[in-house]
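Q: Line by line, the protein sequences give chains A and B. Note that this note's numbering numbers the first sequence so that position 58 is 125, with each residue one more than the last. Note that this note's numbering numbers the second sequence so that position 255 is 461, with each residue one more than the last. Attaching a single structure in structure tokens format; questions to follow.
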Amino acid sequence: MKNIWKFFTSTRLAVGLTLLITIDVLIGTILLSSSSKALGTIDRKVFFDWLFGAGLNNLAASWWIFLLLALLVLFALNTVVCTVDSISVMLRSGRGAARIKSRRILSQAIHLGFIIGLLGHLVSSTSGFRTMNNRLLEGDSIPVPQSSELSLRLNKLDVAFTNRGDMLRMDAYLSLLRDKKVVRDKVVRLNEPLLYQGNAVYITHHGKTPESMKFKISGKGAQEIIKIKFHKGSVTSNRGYTFKMGRLISDFARDNKGEAYSASKKLQNPALEVKIYKGEKFLVSGWLLLKNPDKTPLAFDGLKLVFSGLDYKPYAVLTINKDPGTVIVLSGSLIFIISLILLLFVKGEAMELVRRQT
Amino acid sequence: MTEGFLWLTIAFYGAGFISYVISRNGSRRTMRRVSTYLLILALILHTIVLTLRMMETGHAPIARRFETLLFFSWSIAVLNTILLFRYRLRTTEVLTIPVILLALLLAAFSDAGIYRLPLVLNTWWFEIHVVTSFFAYALFTLAAAAGAIYLFKEKKGASTELGIYQNITYRSILWGFTFFSGSMLLGAIWGYLAWGSYWLWESKSAASLLLWFYYVGVLHTRMLKEWRGKTVSVLAIVGFGLVMFTYLGVSIFLKSTHGM
Ligand code: HEM
Chain A
68 MKNIWKFFTS TRLAVGLTLL ITIDVLIGTI LLSSSSKALG TIDRKVFFDW
118 LFGAGLNNLA ASWWIFLLLA LLVLFALNTV VCTVDSISVM LRSGRGAARI
168 KSRRILSQAI HLGFIIGLLG HLVSSTSGFR TMNNRLLEGD SIPVPQSSEL
218 SLRLNKLDVA FTNRGDMLRM DAYLSLLRDK KVVRDKVVRL NEPLLYQGNA
268 VYITHHGKTP ESMKFKISGK GAQEIIKIKF HKGSVTSNRG YTFKMGRLIS
318 DFARDNKGEA YSASKKLQNP ALEVKIYKGE KFLVSGWLLL KNPDKTPLAF
368 DGLKLVFSGL DYKPYAVLTI NKDPGTVIVL SGSLIFIISL ILLLFVKGEA
418 MELVRRQT
Chain B
207 MTEGFLWLTI AFYGAGFISY VISRNGSRRT MRRVSTYLLI LALILHTIVL
257 TLRMMETGHA PIARRFETLL FFSWSIAVLN TILLFRYRLR TTEVLTIPVI
307 LLALLLAAFS DAGIYRLPLV LNTWWFEIHV VTSFFAYALF TLAAAAGAIY
357 LFKEKKGAST ELGIYQNITY RSILWGFTFF SGSMLLGAIW GYLAWGSYWL
407 WESKSAASLL LWFYYVGVLH TRMLKEWRGK TVSVLAIVGF GLVMFTYLGV
457 SIFLKSTHGM
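In structure tokens, the structure reads:
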């Protein structure tokens, strides 16, 4: 036991391990770029989920990560043992100039920061979740993953480009709801996620998807636009007519009996069947050619129905993550960096880049 | 206009370097003074080039290779000036000015086009992340230069000055390591805000990780008597190679989502 402890107090071991880690990660750097297919999915999941899933199946590209893990375990042990050893020596001796003492304390605080950071990273690598490609339509809501009561609503999406097509902004006006009550409103944009109780919501891209078909009704001295949503399939107009979507045909043709059929699988001459009702009463049905809408108006009750295009709805694509380790990593890093900066200054002459020449 | 100033800057660094080398052969004080003025003028011109570039692009000059080369060499020149005024020490210039000149020449032949900054780079996190990393690179460069001079002087049998160069190497590595750790922390915070993760497995980040561990090791060689001096100097020079790999090698030879 004593021998093992002694082994891990060795500075030689520490330096040797850092050199091995350097060489291992050097190879890893090259593999990360040359094996992007095998390693490309690594950031989509919680690290250990990936490592012991896809990582194990792609050992030719991922072996260095397993080696890195092993080296890091040894190095962490090395650091813990060195730190405990130094602190106990410091406590026992208790003597020495104040400057040397504070230098020693800071060195050990640096080691401690590293260990805390590494532990935090272990938490990150094993817990929480990562989800990409959460598509959210304007006005819609989606549940926050792994949470029974939280959901997200996209109130508005504001995207703008320059004349040359460079993106100027991509702002998602989001509301976070708990049991349908808003707990946080936030404009999420690049570099500005919504953070709430460890959940983090990012916008990654945006788009538009057709949501409904628009039709114009004209006649009897008035005009009306109606929209039939795809997921509903019907709508009732102000004047009390109900319009229902029927069949959709990709390449419209009629046979010798006048029956509609598709002449091919290509989207050459798409046509939509629309059925019209007044109240419960069926009035008429007919085919609207979507590429030639003006040629195929559907007449009913002295009025005319004409297809007038698709209505698109914007959506945001969100990444929603939760990483409980982040706070620990941040705490460790702050202890590390603050002690390191202080060390530069308490070391007396070492705060100087060079020993001053007199 | 930036290009004109860039060539002028190169000319001044070149002239300053030549006059410094001449002045070292024998104690030609006037020549040494001339070289000091030339190098200071070169730094002023260099600063003008950076400022012009900033005015042209509207962001800190750190977003493309052309700009980072200008900034990297500028950081080294600033460091040289600190050494000159605070410590009256110039020997390391024999090696650091050639690095500045090489970087500037590489910049002169790089694409200097002006492109709109991608939205995700439009943040202070990015700017301080890059600025701190280039100061770290400059300090590691200085450490390597002092290491090389140490080896050279040791071979020639000089012993009184060796301590100075060992000190420069060790302390600039400690300073460089501090800047580099700061840069990695800032990058991690930015990554968390921009992509949802403080760490991404891609080649530039991995190269930074290896550089960080490497210098952790070098810092600890000082604790071992038999590794002080020669070994530390050699490690500092190898470190410069790793810095170049991380800074330029990754983006030139490897695919990385990190850019630059
Ligand atoms: C990632 C891990 C580590 C980091 C980041 C780290 C960093 C540092 C830093 C920055 C210093 C101050 C250097 C100086 O004062 O010049 C230091 C000092 C020291 N480190 Fe480490 N170190 C690590 C691991 C280790 C390990 C594994 C050992 C065990 C051999 C070790 C032993 C020491 C000792 C003995 C000192 C000098 C303390 C003193 O001044 O009394 N370190 N470390």
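Glycine residues also receive a C-beta, built at the ideal position from the N, C-alpha and C atoms.
Should residue 215 (chain B) be counted as a contact of the ligand HEM given a C-beta to heavy atom distance under 8 Å?
A: Indexing the second sequence from 1 puts residue 215 (chain B) at position 9. Result no, Cβ not under 8 Å from the ligand HEM.
Q: Between the Cα of residue 413 (chain A) and the Cα atoms of A:253, A:83, A:147, A:169, which residue gives the shortest distance?
A: In the first sequence, the residue the question calls residue 413 (chain A) occupies position 346. The residue with the shortest Cα to Cα distance from residue 413 (chain A) is A:169.
Q: Which residues in the same chain as residue 206 (chain B) place their Cβ atom closer than 6 Å to its Cβ, once the five residues preceding and following it in sequence are excluded?
A: Outside the shown range of chain B, which is 207 to 466, sits residue 206 (chain B), and nothing can be said about it.
Q: Taking the beta carbon of residue 372 (chain B) as the centre, do at least 16 other beta carbons fall within 10 Å, making it buried, or is it exposed?
A: Locating residue 372 (chain B) in the second sequence gives position 166, counting from the first residue. Residue 372 (chain B) is buried by the Cβ-count criterion.
Q: Check whether the region 374 to 381 of chain B and the region 79 to 95 of chain A touch, using three or more Cβ-Cβ pairs below 8 Å as the test.
A: The region 374 to 381 of chain B is not in contact with the region 79 to 95 of chain A.
Q: Counting only Cβ pairs nearer than 7 Å, list the residues of chain A close to residue 422 (chain B).
A: Along the second sequence, one-based indexing puts residue 422 (chain B) at 216. Result: 85.
Q: Reducing DSSP to helix, strand and coil, say where residue 235 (chain B) ends up.
A: The residue given as residue 235 (chain B) occupies position 29 in the second sequence. Helix, per DSSP.
Q: Rounding to the nearest angstrom, what Cα-Cα distance links residue 240 (chain A) and residue 256 (chain A) in this structure?
A: Reading the first sequence from its first residue, position 173 is the one you call residue 240 (chain A). Reading the first sequence from its first residue, position 189 is the one you call residue 256 (chain A). Looking at the two C-alpha atoms, the distance is approximately 9 Å.
Q: Please determine if the region 361 to 381 of chain A and the region 274 to 293 of chain A are in contact, where contact requires at least 3 C-beta pairs separated by less than 8 Å.
A: With a cut-off of 8 Å, the region 274 to 293 of chain A and the region 361 to 381 of chain A count as touching, because enough Cβ pairs lie within range.
Q: Is it right to say residue 370 (chain A) is buried, meaning 16 or more other beta carbons lie within 10 angstroms of its own, or is it exposed?
A: The count along the first sequence starts at 1 and reaches residue 370 (chain A) at position 303. Buried.
Q: Helix, strand or coil for residue 200 (chain A) per DSSP?
A: Reading the first sequence from its first residue, position 133 is the one you call residue 200 (chain A). Looking at residue 200 (chain A) - three-state DSSP - the assignment turns out to be strand.
Q: Is residue 434 (chain B) near the ligand HEM, going by C-beta to nearest heavy atom under 8 Å?
A: If you number the second sequence from 1, residue 434 (chain B) lands on position 228. Not so, every heavy atom of the ligand HEM lies at least 8 Å from the Cβ.
Q: Rounded C-beta distance between residue 291 (chain B) and residue 446 (chain B)? I'm assuming under 8 Å.
A: Your numbering for residue 291 (chain B) matches position 85 in the second sequence. Your numbering for residue 446 (chain B) matches position 240 in the second sequence. Not a contact, Cβ separation roughly 24 Å.
Q: Between residue 318 (chain B) and residue 442 (chain B), is the Cβ-Cβ spacing less than 9 Å?
A: Taking the second sequence and counting its residues from 1, the one referred to as residue 318 (chain B) is at position 112. Taking the second sequence and counting its residues from 1, the one referred to as residue 442 (chain B) is at position 236. No, Cβ-Cβ distance for residue 318 (chain B) and residue 442 (chain B) is not below 9 Å.
Q: Across which residues does DSSP place residue 388 (chain A) in a beta bridge pair?
A: For the purposes of this step, residue 388 (chain A) is taken as residue 321 along the first sequence, with counting starting at 1. Beta-bridge pairing links residue 388 (chain A) to A:197, A:267.
Q: To the nearest angstrom, how far is it from the Cα of residue 326 (chain B) to the Cα of residue 333 (chain B)?
A: Taking the second sequence and counting its residues from 1, one reaches residue 326 (chain B) at position 120. Taking the second sequence and counting its residues from 1, one reaches residue 333 (chain B) at position 127. Looking at the two C-alpha atoms, the distance is approximately 12 Å.
Q: Taking residue 390 (chain B) as part of the alpha helix (DSSP H), name the residues at either end of that continuous run.
A: The sequence position of residue 390 (chain B) within the second sequence is 184, counting from 1. 368 to 401 is the span of the alpha helix (DSSP H), which, as asked, contains residue 390 (chain B).
Q: Quick check: is any heavy atom of the ligand HEM less than 8 Å from the C-beta of residue 175 (chain A)?
A: For the purposes of this step, residue 175 (chain A) is taken as residue 108 along the first sequence, with counting starting at 1. Yes, the Cβ of residue 175 (chain A) comes within 8 Å of a heavy atom of the ligand HEM.
Q: How close, in whole Å, do the beta carbons of residue 262 (chain A) and residue 383 (chain A) come, if the pair is a contact with beta carbons under 8 Å?
A: Within the first sequence, numbered from 1, the residue matching residue 262 (chain A) stands at position 195. Within the first sequence, numbered from 1, the residue matching residue 383 (chain A) stands at position 316. Not quite, the Cβ-Cβ distance comes to about 17 Å (not below 8 Å), so this is no contact.
Q: Between residue 89 (chain A) and the ligand HEM, is there a pair consisting of the residue's CB and a ligand heavy atom that are separated by less than 8 Å?
A: As a working mapping, residue 89 (chain A) is identified with position 22 in the first sequence. Answer for residue 89 (chain A): no, Cβ out of range of the ligand HEM.
Q: Assess, as a yes-or-no matter, whether the region 208 to 226 of chain A is touched by the region 243 to 257 of chain A under the definition of 3 or more beta carbon pairs within less than 8 Å.
A: Yes: the two stretches touch, three or more of their Cβ pairs being nearer than 8 Å.
Q: What's the C-alpha gap between residue 210 (chain B) and residue 302 (chain B)?
A: As a first step, residue 210 (chain B) is located in the second sequence; it is residue number 4 there, counting from the start. As a first step, residue 302 (chain B) is located in the second sequence; it is residue number 96 there, counting from the start. Spanning the two alpha carbons is a distance of roughly 23 Å.
Q: Straight-line CA distance for residue 213 (chain A) to residue 388 (chain A)?
A: In the first sequence, counting from the first residue as 1, residue 213 (chain A) sits at position 146. In the first sequence, counting from the first residue as 1, residue 388 (chain A) sits at position 321. Computed Cα separation, rounded: 10 Å.
Q: Looking only at its chain, what residues have a beta carbon closer than 8 Å to the beta carbon of residue 304 (chain A), apart from the 5 residues adjacent to it on each side?
A: Residue mapping note: residue 304 (chain A) aligns to position 237 of the first sequence, counting from 1. Closer than 8 Å at the Cβ level, and outside the excluded window around residue 304 (chain A), lie 284, 291, 293, 310.
Q: Name the residue from A:175, A:254, A:315, A:323 whose alpha carbon lies nearest to the alpha carbon of residue 334 (chain A).
A: As a working mapping, residue 334 (chain A) is identified with position 267 in the first sequence. Out of A:175, A:254, A:315, A:323, A:315 has the C-alpha closest to the C-alpha of residue 334 (chain A).
Q: Taking a Cβ distance cut-off of 7 Å, strictly less, list which residues of the region 404 to 419 of chain B are near chain A, in chain order.
A: Taking 7 Å as the Cβ-Cβ cut-off against chain A, the residues of the region 404 to 419 of chain B that qualify are 404, 406, 407, 408, 409, 412, 413, 415, 416, 419.
Q: I'd like to confirm something about residue 383 (chain B): is its beta-carbon nearer than 8 Å to some heavy atom of the ligand HEM, or not?
A: Translated into the one-based positions of the second sequence, residue 383 (chain B) becomes position 177. Under cutoff, so the answer is yes.
Q: Taking the straight line between their C-alpha atoms, what separation do you get for residue 154 (chain A) and residue 228 (chain B)?
A: Mapped onto the first sequence, residue 154 (chain A) falls at position 87. Mapped onto the second sequence, residue 228 (chain B) falls at position 22. Those two C-alpha atoms are separated by around 53 Å.
Q: State the beta-bridge partners of residue 236 (chain A) as determined by DSSP.
A: As a working mapping, residue 236 (chain A) is identified with position 169 in the first sequence. BP columns for residue 236 (chain A) point to A:227.
Q: Determine, using beta carbons only, whether residue 258 (chain A) and residue 396 (chain B) come nearer to each other than 9 Å.
A: Position 191 of the first sequence, counted from the start, is the residue given in the question as residue 258 (chain A). Position 190 of the second sequence, counted from the start, is the residue given in the question as residue 396 (chain B). Against a cut-off of 9 Å, the Cβ pair of residue 396 (chain B) and residue 258 (chain A) comes out as a contact.
Q: Could you tell me the boundaries of the beta strand (DSSP E) in which residue 304 (chain B) lies?
A: The sequence position of residue 304 (chain B) within the second sequence is 98, counting from 1. Residue 304 (chain B) -> not in any beta strand (DSSP E); alpha helix (DSSP H) instead, spanning 299 to 314.
Q: According to the Cβ coordinates, are residue 300 (chain B) and residue 355 (chain B) closer than 9 Å?
A: Taking the first residue of the second sequence as 1, we reach residue 300 (chain B) at position 94. Taking the first residue of the second sequence as 1, we reach residue 355 (chain B) at position 149. Yes, Cβ-Cβ distance for residue 300 (chain B) and residue 355 (chain B) is below 9 Å.
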